[in-house]
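Visitor: Protein chains in written order, with our numbering: chain A, 1 to 140; chain B, 141 to 561. Glycine residues also receive a C-beta, built at the ideal position from the N, C-alpha and C atoms.
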């Protein structure tokens, strides 16, 4: 499988410049500032080699996304809040929107257990058994 | 669905969790505090990121067939760059700055020579794993790091090798000084034991200001480690504090003034011996001065404990209270009969109260739970904090004025510095 490392890196909020090799100069894109390439006879600024201060990130396992539904008609959509203020009221408005615009869709509201980053296996099992889709609200 | 304030966070976090193409729809921010009509208007409007009608986009996200890229599995290791960089001094400074590896102030360039000197200050091997750190527990997978990587950050901060064991002790806890929360939180470290004098730390006049190399650079190293060792400190992605906090530059480093304190030092309270060098960690909101406030009671002897009680009233209950007392205040409290820090804490539990009605108006109110809560009415008076360990005290300052400062912060843990020598 071919993975575009630059795209992955960019998505992780890091500069693709970090892909530069060990022998590459740190700022090839700003080489014009390098006084070693200056006019003939100019003082040569020495170069230093410095160490990378970054830690060691864990490997990332790519997770294939769940298959999509052909249609939402007649399906049950779970509306899940992560517990931040306002998410419950916002999801209630989504429920109202479905009633007005797609009345064949059944919505079920649930508050996820635990903190915003915690898993909720019990709720996941319920959704898997009784629902066909999930809209999760994150933010406040 | 994610509010737009968390756009970058949502995308990068999904990628780090193996779903770089996660279908995310965005609403305006915030939804909190909006009327039903305003929120419904969000649904009838456009996704402000993708600029397409929001609800049709949601329906599409649930029903549009997956692309081949969305079905991919496998494993990738995020690159963090080459082990070394070579260039001129100016270009390297700019490179570190451009790549988010600094606090946006010049650094000491971490040459091998300087890093080697740092490594000689510890008995631990360069490749020994020190710990794991994440910008927010549970939200981001933790990164690991070794002694050398900590040393690189220590050099960058301007620390001398003597400071390295203290910096390693900080790193060993995995506590990020740049915890990613929308609340702009801060971190503090109390330092006790012989290491304070060995490093010539300042616990006297101006102890918490920019007046001492050890105080300043140990704290700065903590911030740099919190950016570089765990991928943290990227505003909008791995740091979400709405306003940020100036304390995050080098954190609250508080060497205790043990010799002028009437009480046992903080680390002894936590079970360490006086001759051990220890660093203790706090975490929470901000710090403020508590002098001259309601309740000080110039009678003519100041009733410091009354001022302390009055000043913590507005604090959020999510965290506790950390009092930083000048020795003049600590000894004044001793003269008032508080022979131990525990006695002050017990007095504060009994005398610092709030009504249920007022608590209900506060964010992170911390209302009591359990059976006793059933009998409370709005007019019931309850302790601000019912547990004495919510109150902590450290003595620090130069005795030029009987001041105290107080932080809305909670104690986390204490670790040995000696272990890292």
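Which residue comes first and which comes last in the beta strand (DSSP E) that contains residue 273 of chain B?
Guide: Reading the second chain from its first residue, position 133 is the one you call residue 273 of chain B. Run containing residue 273 of chain B: 269-273, per the beta strand (DSSP E) assignment.
Visitor: Taking only the alpha-carbon atoms, compute the straight-line gap between residue 256 of chain B and residue 205 of chain B and give it to the nearest angstrom.
Guide: Counting from one through the second chain, the residue named residue 256 of chain B turns up at place 116. Counting from one through the second chain, the residue named residue 205 of chain B turns up at place 65. Computed Cα separation, rounded: 55 Å.
Visitor: Less than 8 Å between the beta carbons of residue 130 of chain B and residue 96 of chain A, yes or no?
Guide: The requested residue 130 of chain B does not occur in the structure, where chain B is confined to residues 141 to 561.
Visitor: Between residue 354 of chain B and residue 474 of chain B, what straight-line distance do the alpha-carbon atoms span, to the nearest angstrom?
Guide: Along the second chain, read from residue 1 onward, the residue named residue 354 of chain B stands at position 214. Along the second chain, read from residue 1 onward, the residue named residue 474 of chain B stands at position 334. So the two alpha carbons sit approximately 30 Å from each other.
Visitor: Below 7 Å on C-beta distance, what does residue 172 of chain B contact in chain A?
Guide: Taking the second chain and counting its residues from 1, one reaches residue 172 of chain B at position 32. The contacting residues are 85, 86, 140.
Visitor: Against residue 501 of chain B, what residues of chain A qualify as contacts under a CB-to-CB distance less than 9 Å, listed in chain order?
Guide: Here residue 501 of chain B refers to the residue found at position 361 of the second chain. Within 9 Å Cβ-Cβ: nothing; residue 501 of chain B doesn't reach chain A, min ~14 Å.
Visitor: If the cut-off is 8 Å on Cβ atoms, which residues from the stretch 356-374 of chain B count as contacting chain A, listed in chain order?
Guide: 364, 368, 369, 370, 371, 374
Visitor: Take residue 545 of chain B and list the residues in its own chain whose beta-carbon comes closer than 8 Å to its own, dropping the five residues that flank it on each side.
Guide: By one-based count along the second chain, residue 545 of chain B stands at place 405. Once the five neighbours on either side are set aside, the close Cβ partners of residue 545 of chain B are 348, 427, 428, 429, 430, 463, 464.
Visitor: Are the beta-carbon atoms belonging to residue 270 of chain B and residue 306 of chain B less than 8 Å from one another?
Guide: As a working note, residue 270 of chain B is residue 130 in the second chain. As a working note, residue 306 of chain B is residue 166 in the second chain. The Cβ-Cβ distance between residue 270 of chain B and residue 306 of chain B does not fall below 8 Å.
Visitor: For a minimum of 4 consecutive residues, which ranges assigned as the alpha helix (DSSP H) are wholly contained in the stretch 59-130 of chain A?
Guide: With a minimum length of 4 residues, the continuous alpha helix (DSSP H) runs that stay inside the stretch 59-130 of chain A are 87-101, 121-130.
Visitor: Taking its Cβ as the centre, do 16 or more other Cβ atoms sit within 10 Å of residue 629 of chain B, making it buried, or is it exposed?
Guide: Nothing can be reported for residue 629 of chain B, as the shown portion of chain B is limited to 141 through 561.
Visitor: With 8 Å as the threshold, decide whether the Cβ of residue 518 of chain B is near any Cβ in chain A.
Guide: To locate residue 518 of chain B, count along the second chain from 1; it is residue 378. Taking Cβ atoms only, chain A never reaches closer than 8 Å to residue 518 of chain B, which makes this a no.
Visitor: Using a Cβ cut-off of 8 Å (strictly closer), state whether residue 283 of chain B contacts chain A.
Guide: Against the second chain, residue 283 of chain B aligns to sequence position 143. Closer than 8 Å: yes.
Visitor: Pull the bridge partners of residue 544 of chain B from the DSSP assignment, please.
Guide: Taking the second chain and counting its residues from 1, one reaches residue 544 of chain B at position 404. Under the DSSP definition of a beta bridge, residue 544 of chain B partners with B:465.
Visitor: Leaving out the 5 sequence neighbours to the left and right, which residues in its chain are closer than 6 Å to residue 470 of chain B when beta-carbon positions are compared?
Guide: Locating residue 470 of chain B in the second chain gives position 330, counting from the first residue. Excluding positions up to five away in sequence, the list reads 401, 402, 535.
Visitor: Roughly how far, in whole angstroms, is the beta-carbon of residue 267 of chain B from the beta-carbon of residue 288 of chain B, given that I think they are within contact range, below 8 Å?
Guide: Looking up residue 267 of chain B in the second chain gives position 127. Looking up residue 288 of chain B in the second chain gives position 148. That belief holds up - the Cβ atoms of residue 267 of chain B and residue 288 of chain B are roughly 7 Å apart, short of 8 Å.
Visitor: Assuming residue 291 of chain B and residue 556 of chain B are in contact, meaning their beta carbons sit under 8 Å apart, how far apart are those beta carbons, in whole angstroms?
Guide: Your numbering for residue 291 of chain B matches position 151 in the second chain. Your numbering for residue 556 of chain B matches position 416 in the second chain. With 8 Å as the limit, residue 291 of chain B and residue 556 of chain B do not qualify as a contact, their Cβ atoms being about 19 Å apart.
Visitor: Helix or strand or just coil, what does DSSP make of residue 187 of chain B?
Guide: In the second chain, counting from the first residue as 1, residue 187 of chain B sits at position 47. DSSP places residue 187 of chain B in coil when its eight states are reduced to three.
Visitor: CA-CA distance, residue 383 of chain B and residue 324 of chain B?
Guide: For the purposes of this step, residue 383 of chain B is taken as residue 243 along the second chain, with counting starting at 1. For the purposes of this step, residue 324 of chain B is taken as residue 184 along the second chain, with counting starting at 1. Spanning the two alpha carbons is a distance of roughly 6 Å.
Visitor: Could you tell me whether the Cβ atoms of residue 370 of chain B and residue 55 of chain A are closer together than 8 Å?
Guide: Position 230 of the second chain holds residue 370 of chain B. Position 55 of the first chain holds residue 55 of chain A. Contact flag set, yes.
Visitor: Using the Cβ count rule (16 or more neighbours within 10 Å means buried), how would you classify residue 191 of chain B?
Guide: Taking the second chain and counting its residues from 1, one reaches residue 191 of chain B at position 51. With fewer than 16 Cβ atoms within 10 Å of its Cβ, residue 191 of chain B is classed as exposed.
Visitor: If the criterion is Cβ atoms closer than 8 Å, does the pair residue 211 of chain B and residue 64 of chain A meet it?
Guide: The count along the second chain starts at 1 and reaches residue 211 of chain B at position 71. The count along the first chain starts at 1 and reaches residue 64 of chain A at position 64. Yes, the Cβ-Cβ distance between residue 211 of chain B and residue 64 of chain A is below 8 Å.
Visitor: Going by C-alpha distance, which of A:135, A:66, A:73 is nearest residue 161 of chain B?
Guide: Position 21 of the second chain, counted from the first residue, corresponds to residue 161 of chain B. The candidate whose alpha carbon is nearest that of residue 161 of chain B is A:66.
Visitor: Please list the segments of the beta strand (DSSP E) lying wholly inside the stretch 313-361 of chain B, counting only runs of 3 or more residues, in order along the chain.
Guide: 326-332
Visitor: I'd like to know if residue 129 of chain A contacts chain B, where contact means its C-beta is closer than 8 Å to some C-beta of that chain.
Guide: One-based indexing of the first chain puts residue 129 of chain A at position 129. Chain B, which has no Cβ nearer than 8 Å to the Cβ of residue 129 of chain A, makes this no.
Visitor: Report yes or no: is there a C-beta of chain A within less than 8 Å of the C-beta of residue 265 of chain B?
Guide: Position 125 of the second chain, counted from the start, is the residue given in the question as residue 265 of chain B. Closer than 8 Å: no.
Visitor: So residue 179 of chain B contacts chain A; which residues on that side make the cut at Cβ distance below 7 Å?
Guide: Numbered from its first residue, the second chain carries residue 179 of chain B at position 39. Under the 7 Å cutoff, chain A gives 89, 90, 93.
Visitor: Return the CA-CA distance between residue 171 of chain B and residue 143 of chain B, expressed in angstroms with no decimal places.
Guide: Stepping through the second chain from its first residue, residue 171 of chain B is reached at position 31. Stepping through the second chain from its first residue, residue 143 of chain B is reached at position 3. Approximately 8 Å, taken between the alpha carbons.
Visitor: Any C-beta of chain A within less than 7 Å: which residues of the stretch 384-412 of chain B qualify?
Guide: none
Visitor: Could you say which of B:490, B:531, B:368, B:208 lies nearest to residue 459 of chain B if we only look at CA atoms?
Guide: Position 319 of the second chain holds residue 459 of chain B. Taking only the C-alpha atoms, the option nearest residue 459 of chain B is B:531.
Visitor: Tell me, to the nearest whole angstrom, how far the beta carbon of residue 108 of chain A is from that of residue 75 of chain A; I am working on the premise that it is less than 8 Å.
Guide: Stepping through the first chain from its first residue, residue 108 of chain A is reached at position 108. Stepping through the first chain from its first residue, residue 75 of chain A is reached at position 75. Not really, about 11 Å apart at Cβ, beyond 8 Å.
Visitor: By Cβ distance below 7 Å, which residues in the same chain neighbour residue 90 of chain A in space, the five residues on each side in sequence not counted?
Guide: Your numbering for residue 90 of chain A matches position 90 in the first chain. Correct list, in chain order: 137.
Visitor: In angstroms with no decimal places, state the Cα-to-Cα distance between residue 489 of chain B and residue 446 of chain B.
Guide: Taking the first residue of the second chain as 1, we reach residue 489 of chain B at position 349. Taking the first residue of the second chain as 1, we reach residue 446 of chain B at position 306. Each residue's alpha carbon lies about 12 Å from the other.
Visitor: Please confirm whether residue 133 of chain A has its beta-carbon closer than 8 Å to some beta-carbon of chain B.
Guide: Indexing the first chain from 1 puts residue 133 of chain A at position 133. Chain B contact via Cβ: present.
Visitor: Please list, in chain order, all residues of the same chain as residue 363 of chain B whose beta carbon is under 7 Å from its beta carbon, the five residues on each side excluded.
Guide: Translated into the one-based positions of the second chain, residue 363 of chain B becomes position 223. Cβ within range, chain order: 243, 317, 318, 388, 389, 390, 391.
Visitor: Give me whichever residues DSSP pairs with residue 47 of chain A in a beta bridge.
Guide: Taking the first chain and counting its residues from 1, the one referred to as residue 47 of chain A is at position 47. Per DSSP, the beta-bridge partners of residue 47 of chain A are B:228.
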